[in-house]
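Each remark here refers to the structure printed beneath this line.
Numbering (UniProt numbering), first residue to last: 1 to 346.
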């Protein structure tokens with residue numbers, strides 16, 4: 001006998017339809033004569049419509065510039081006919097504040113939904129059943145305000161959140177009477193899978209903070225002075241935010257740190273730049289911040305690595321000019337702060 005596959009389709013929230021004057025996240029599916037048909041992403045992709053008159057407060061010259069198939073964006077709910085399933089939406093009436101609130105809520109809900117769906121799929125249970133007994137009770141709990149916030153607590157203390165969730169089951173007792181019994185909301189296997197997935201997806205990951213600087217020193221032993229300034233910059237870091245400084249190509253350097261606290265990381269990197277600036281200026285050198293301290297992504301790291309690789313290739317192509325007067329003027333070759341010996345000279 002083939003077992004029936006679990007239902008993995010479900011809305012994110014307990015309410016089947018959004019409230020009027022609520023901002024919701026939609027994806028445009030098609031453009032028709034009267035307007036655009038869209039899917040409400042938070043409500044299991046039920047259909048809604050944006051009339052062309054609700055696209056913009058200004059006169060519409062080109063519909064394609066205002067709305068495109070596939071685009072995901074927040075819109076305002078104007079009318080909901082629950083009997084007929086009609087939902088009228090507006091793009092022109094959604095404010096910047098509404099957009100920000102909607103995007104924040106949707107990003108949280110999307111992560112919760114992804115975790116819930118994965119658990120339901122791997123454990124072979126209906127997604128809606130998991131929402132009924134776990135997800136929606138957490139959304140209703142005023143202590144958290146959103147299931148996402150409850151999931152954050154589960155990362156470190158799952159029992160404080162999940163042990164309070166229960167469900168009622170009906171059974172027949174020894175006398176043949178139907179009785180209602182209160183049991184945990186999920187089995188231990190499902191609970192373990194949920195906690196494991198939440199921890200995997202929501203445990204904070206270190207952010208990489210980076211700043212780009214130019215540093216020059218044309219004094220005698222300029223390379224040594226730069227090396228000393230780099231060492232002092234790295235010494236400005238700490239165990240939580242270790243600072244590294246790396247040569248890209250003279251006179252460009254990057255300072256980096258990794259931390260769970262973005263503001264702390266930026267502060268530590270700024271302090272490292274101050275220390276580095278003070279050290280190099282004492283030797284009549286100069287430091288210029290080209291890109292201020294900021295959080296960077298893996299894509300930024302990849303672009304930097306590609307840029308450095310290209311510079312290395314370019315340097316190899318002109319290696320015959322190593323002894324030119326221009327090269328000597330810079331007074332700076334590639335510097336490895338950790339491995340460079342004390343005998344480096346211009």
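Glycine included, each C-beta is placed from N, C-alpha and C at the ideal position.
Inset, instruction - Determine the extent of the beta strand (DSSP E) in which residue 180 is found, giving its start and end residues. - result: For residue 180, the uninterrupted beta strand (DSSP E) segment begins and ends at 178-184.
Legend entry - C-alpha distance - residue 208 paired with residue 6, whole-angstrom precision: If you take the alpha carbons of residue 208 and residue 6, they lie about 40 Å apart.
Legend entry - Presumed contact (8 Å Cβ cut-off) between residue 234 and residue 248, rounded CB distance: 16 Å between Cβ atoms; not a contact.
Legend entry - CB contact below 8 Å: residue 170 versus chain B: Included in the structure is just one protein chain, with no chain B present.
Legend entry - For residue 219 and residue 205, the rounded distance between their alpha carbons: So the alpha carbons of these two residues sit roughly 43 Å apart.
Inset, instruction - Please report how far the alpha carbon of residue 12 lies from the alpha carbon of residue 311, in whole angstroms. - result: Rounded to whole angstroms, the separation of the alpha carbons of residue 311 and residue 12 is 49 Å.
Inset, instruction - Could you tell me the boundaries of the alpha helix (DSSP H) in which residue 100 lies? - result: Segment 96-123, the alpha helix (DSSP H) holding residue 100.
Legend entry - C-beta atoms of residue 144 and residue 87 nearer than 8 Å: It is not a contact, given that the beta carbons lie outside the stated cut-off.
Legend entry - Start-to-end residues for the alpha helix (DSSP H) that takes in residue 240: It is not in any alpha helix (DSSP H) - residue 240 carries neither H nor E in the DSSP assignment.
Legend entry - Identity of the residues DSSP links to residue 250 by a beta bridge: Residue pairing by DSSP places residue 250 in no beta bridge whatsoever.
Inset, instruction - Have a look at the DSSP bridge pairing and note the partners of residue 87. - result: Answer is 80.
Inset, instruction - Taking 8 Å as the threshold, find out whether the stretch 64-79 comes into contact with the stretch 117-135 through three or more Cβ pairs. - result: Segment contact: the stretch 64-79 against the stretch 117-135, fewer than three CB-CB distances shorter than 8 Å; contact not assigned.
Legend entry - Start-to-end residues for the beta strand (DSSP E) that takes in residue 294: In the DSSP assignment, residue 294 falls within the beta strand (DSSP E) that extends over 286-296.
Inset, instruction - Name the residue from 152, 183 and 175 whose alpha carbon lies nearest to the alpha carbon of residue 197. - result: That would be 152, whose Cα lies nearest to the Cα of residue 197.
Legend entry - residue 150 versus residue 105 - alpha carbon distance: The straight-line gap from Cα to Cα measures roughly 14 Å.
Legend entry - For residue 152, the first and last residue of its enclosing alpha helix (DSSP H): Taken as a continuous stretch (DSSP letters only), the alpha helix (DSSP H) holding residue 152 covers 147-156.
Legend entry - Inter-residue Cα distance where the pair is residue 253 and residue 268: Approximately 17 Å, taken between the alpha carbons.
Inset, instruction - Please classify residue 38: is it buried, with 16 or more other beta-carbons within 10 angstroms of its beta-carbon, or exposed? - result: By the neighbour-count rule (16 or more Cβ atoms within 10 Å), residue 38 is buried.
Inset, instruction - Give every residue of the same chain whose Cβ lies closer than 6 Å to the Cβ of residue 190, excluding the five residues on either side of it in the sequence, and list them in chain order. - result: These residues qualify, in order along the chain: 123.
Inset, instruction - Within 10 angstroms of the Cβ of residue 272, are there 16 or more other Cβ atoms? Answer buried if so, exposed if not. - result: So residue 272 counts as buried.
Inset, instruction - Could you check if residue 10 is buried or exposed, using at least 16 other CB atoms within 10 Å of its CB as the buried criterion? - result: Residue 10 comes out buried.
Legend entry - Nearest-angstrom beta carbon gap, residue 40 and residue 20 [assumed within contact, 8 Å]: That pair is no contact at about 14 Å.
Inset, instruction - Determine the closest residue to residue 169 out of 224, 33, 182 and 108, with distance taken between C-alpha atoms. - result: With distances taken between Cα atoms, residue 169 lies closest to 182.
Inset, instruction - Just the C-alpha distance for residue 43 and residue 142, rounded to the nearest angstrom, thanks. - result: In a straight line, the C-alpha of residue 43 is about 21 Å away from that of residue 142.
Legend entry - DSSP state of residue 264 mapped onto helix, strand, coil: In the three-state reduction of the DSSP assignment, residue 264 falls in the helix class.
Inset, instruction - Take residue 8 and list the residues in its own chain whose beta-carbon comes closer than 7 Å to its own, dropping the five residues that flank it on each side. - result: Around residue 8: 117, 120, 121 and 127.
Legend entry - Bridge-paired residues (DSSP) for residue 37: DSSP lists 30 and 49 as the beta-bridge partner residues of residue 37.
Inset, instruction - Determine the direct distance from the alpha carbon of residue 125 to that of residue 113, and round the result to whole angstroms. - result: The alpha-carbon of residue 113 is positioned some 14 Å away from that of residue 125.
Legend entry - Nearest-angstrom Cα separation, counted from residue 35 out to residue 351: In the structure displayed, the chain extends from 1 to 346; residue 351 sits before or after that span and is not available.
Inset, instruction - Name, in chain order, the residues that DSSP records as bridge partners for residue 22. - result: Its beta-bridge partners do not exist; DSSP assigns none.
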